[in-house]
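Quick mapping for you: the protein sequence lines, in order, are chains F and P.
Under the working numbering, think of the first position of the first sequence as 458, with each following residue one higher.
Under the working numbering, think of the first position of the second sequence as 458, with each following residue one higher.
What follows is a set of notes on a single structure, which appears directly below.
Number of protein chains: 2
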Amino acid sequence: MSTPGTQTTFSAEDYFRTQHPPPTLEHDVEKVRAFVTRHREEGRPVVLVTSGGTTVPLERNVVRFLDNFSAGTRGATSAEYFLQAGYAVIFMHRQFSLQPFSRHFSHSTNPFLEFLEIGPSNPMSPIEPGSASEEGETVKVLPSMRKELLTVLRQYHAVQRAGTLLTLNFVTVDDYLFMLRAVAQELEPLGRRAMFYLAAAVSDFFLPTQKMSEHKIQSGKGSLQIEMDQVPKILKPLRDYWTPEGFIVSFKLETDPSLLIPKARQALERYGHKLVIGNDLYRRKFEVVFVEKDADSKDGFRETWVRLPEGKTEIEEEMIKKLVEMHAAWKEEKGRT
Amino acid sequence: MSTPGTQTTFSAEDYFRTQHPPPTLEHDVEKVRAFVTRHREEGRPVVLVTSGGTTVPLERNVVRFLDNFSAGTRGATSAEYFLQAGYAVIFMHRQFSLQPFSRHFSHSTNPFLEFLEIGPSNPMSPIEPGSASEEGETVKVLPSMRKELLTVLRQYHAVQRAGTLLTLNFVTVDDYLFMLRAVAQELEPLGRRAMFYLAAAVSDFFLPTQKMSEHKIQSGKGSLQIEMDQVPKILKPLRDYWTPEGFIVSFKLETDPSLLIPKARQALERYGHKLVIGNDLYRRKFEVVFVEKDADSKDGFRETWVRLPEGKTEIEEEMIKKLVEMHAAWKEEKGRT
């Protein structure tokens with residue numbers, strides 16, 4: 458699928474010059490602009506949370522694609538804790554990945570049809586439009602589910618009323634990269650009040666549209682050979698040009714625990730952003746490691762392990778608490794200089 | 458990722474000998490056996506509906522995988538119409554793809570938190586456990602949604618009471634192939650009363666475990682090269698050995714409409730099963746083509762277009778009606794010989 462000798466490493470500039478933005482980008486940017494303007498006026502910090510995996514289509518009329526494992530649990534859960542901490546949240550997620558609030562009742566773990574029962578319409582109450590059926594039956598939430606739903610629904614409605622959550626969708630790695638650049642440029646005027654919490658599982662490789670096959674790749678011609686190019690390292694322009702003052706947090710997911718800290722340090726060296734959160738695929742719900750640069754330390758780095766406290770269920774609660782403190786200190790520091 | 462010169466075409470036998478079955482297979486087979494036995498005694502026809510895409514993991518500790526585009530709409534919708542037509546349905550689907558009944562309210566098109574409202578607990582009704590909160594509030598279904606939910610919920614409960622739906626899950630193409638073989642072997646005793654409606658989007662290529670990398674593939678070494686082997690053509694042993702009397706329906710999805718009928722005919726020639734349903738990626742909700750062998754026709758084939766009738770919303774209603782007739786005729790034919 459690729460000609461030997463053609464380019465396999467794109468700079469960010471080359472990438473954005475040669476690939477195509479998603480058709481809905483302008484529309485999304487307008488929503489972001491209005492959202493940022495309002496929260497800027499109200500003095501609220503804003504965090505961009507990215508969540509879920511990106512796809513790499515192998516065909517222009519897409520049937521097959523490369524994907525990255527991610528249900529979006531980390532991002533959706535973290536977004537709720539940022540909202541609780543008073544942030545305005547831009548939640549940029551993979552289509553159909555988990556979302557704040559609805560995540561509690563989604564997919565097959567907690568199918569919502571199981572919450573509902575058919576019961577008699579209440580003859581005492583006035584007739585409500587659309588509620589009555591020929592048989593005088595109506596749909597009700599099971600009593601055993603009401604308490605849990607009520608808790609989530611209260612938070613959900615409060616966030617809707619406050620207008621502190623803006624949701625954006627992506628599918629492909631191209632959608633993601635163009636959208637990240639555009640959102641970063643909109644957040645730039647916030648300076649240190651903007652945080653970037655980049656939890657999406659972004660593909661390291663992509664197939665330039667120029668190399669993509671038009672139709673479904675046919676089998677029957679033996680094995681399938683795919684050669685993909687490296688995705689440009691986007692953290693570099695993000696930190697250097699698009700949002701030099703933003704508080705940028707990236708993630709490293711590894712399956713070999715011995716690579717976690719070396720890879721995190723390498724990323725900080727290369728891109729110069731604030732923090733890498735390292736997680737091991739199998740222990741990521743119980744512990745993560747915050748890796749920062751630290752001029753006072755012997756080797757120039759500081760590692761802090763964050764663990765799920767006894768009696769708690771979501772490590773994101775601890776992670777966000779710590780991040781909010783770090784972000785506040787970073788804003789503070791600016792004030793003093 | 459592969460050594461040149463190694464095997465790239467697996468026979469079904471080689472495949473099942475060298476690859477690994479999913480750990481839950483035995484457990485699933487027991488459920489299928491009990492389900493088939495009961496419906497066989499009750500004289501009900503049984504259909505296996507497969508639905509959703511399969512993944513091909515690129516790493517043993519999976520972070521990246523190849524996937525096939527499919528939300529599972531065709532399979533989930535068809536399963537409902539088979540249930541309505543009196544079939545017992547084994548619904549074998551990709552984890553998190555759409556399912557019968559819940560499909561009407563799933564994902565972001567119809568998020569269920571939007572159906573619910575917080576209202577006062579009814580002071581007239583007796584106290585129900587778990588329903589009351591400190592503030593005397595409870596969760597209710599929005600009046601405007603009750604009618605639609607009631608219709609679906611009635612069907613869902615009726616199917617649960619009748620026990621006519623058995624749901625199985627797969628993720629990878631390996632899960633799918635091992636599960637398909639096992640289910641086919643359980644359905645074999647039903648002879649012509651079993652139908653196979655193979656709507657899942659199954660990968661044509663896979664990466665043998667022997668060639669898979671143990672950990673997450675590292676970027677930073679230039680481009681990614683993947684070579685995948687062809688998945689064995691499973692329709693052949695399905696038709697020849699596992700269920701010679703089963704009514705087997707396969708699907709062809711193409712993006713180039715000119716390939717649709719030639720590819721469907723080729724599949725019938727090769728595998729000798731009953732029917733190929735051809736669909737074009739962009740028109741599949743409005744028209745499909747049923748391709749069968751026909752000894753009386755000049756070129757040996759018959760094509761019948763099935764189209765969405767005016768005023769209807771789901772082409773699957775027409776498709777299943779037609780299939781139920783064809784299946785009945787096939788059972789009938791056996792009775793006469």
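For every residue, glycine included, the Cβ atom is placed at its ideal position computed from N, Cα and C.
With a threshold of 16 other beta carbon atoms within 10 Å, Phe743/P falls short and is exposed. Between Asp524/F and Phe522/P a beta carbon distance of about 6 Å is seen, short of the 8 Å cut, so the two are scored as contacting. A residue is called buried once 16 or more other Cβ atoms fall within 10 Å of its Cβ, and Ala752/F, having fewer, is exposed. Inclusion of Tyr613/F and Leu570/P in the CB contact set at 9 Å is warranted, their separation being smaller than that value. For Leu780/F, the closest C-alpha among the options Val628/F, Tyr538/F, Ala491/F and Ala615/F is that of Tyr538/F.
Residue nearest to Arg495/P within the set Lys769/P, Gly532/P and Leu623/P is Leu623/P (criterion: CA-CA distance). Counting only Cβ-Cβ distances below 8 Å, Glu594/F has contacts in chain P at Leu607, in chain order.
Bounds of the beta strand (DSSP E) holding Lys750/P are Glu744 to Lys750. A contact between stretches requires three or more CB pairs, one per stretch, nearer than 8 Å, and the stretch 541-560 of chain P fails this requirement with the stretch 692-712 of chain P. Ranked by Cα distance from Leu607/F, the options Leu637/P, Glu605/P and Ser578/P are led by Ser578/P. Within the stretch 481-510 of chain P, contact with chain F at the beta-carbon level (separation under 8 Å) is assigned to no residue.
Residue pairing by DSSP puts Asp737/F in a beta bridge opposite Glu711/F. When C-beta atoms of the stretch 638-651 of chain F are compared with those of the stretch 659-668 of chain F, fewer than three pairs fall below 8 Å, so the two segments do not count as touching. Counting only Cβ-Cβ distances below 7 Å, Ser670/F has no contacts in chain P at all, with the closest Cβ about 10 Å away. Here Ala536/F has Val506, Val546, Phe548 and Pro557 as same chain residues with Cβ atoms under 6 Å from its own Cβ, once five neighbours each way along the sequence are excluded. Closer than 9 Å to the CB of Phe569/F there is at least one CB belonging to chain P. Boundaries of the alpha helix (DSSP H) around Ser535/P: Thr530 to Gln541. When Leu610/P, Leu599/P and His561/P are compared, the shortest CA-CA separation from Glu574/P is found for Leu599/P. Separation of the CB atoms of Val706/F and Val659/F is rounded to 14 Å, and the pair is thereby denied contact status at 8 Å.
Here DSSP, grouped into helix, strand and coil, assigns Val504/F to strand. In this chain, the beta strand (DSSP E) harbouring Ala545/F covers Ala545 to Arg551.
The C-alpha of Trp762/F lies about 20 Å from the C-alpha of Phe653/F. Between the beta-carbon of Met602/F and that of Phe572/F there is about 5 Å, and that keeps the pair under the 8 Å contact cut.
Of the residues Gln682/F, Val513/F and Asp686/F, the one whose Cα lies closest to the Cα of Ser680/P is Asp686/F. For Phe558/P, the nearest beta carbon of chain F is closer than 9 Å to its own beta carbon. Interface annotation, Tyr633/F: not in contact with chain P, CB-CB separation never under 9 Å. Interface with chain F (9 Å Cβ-Cβ cutoff): Arg551/P is excluded. Taking a contact as a CB-CB distance under 8 Å, the pair Arg649/F and Glu702/F counts as one, their CB atoms being some 5 Å apart.
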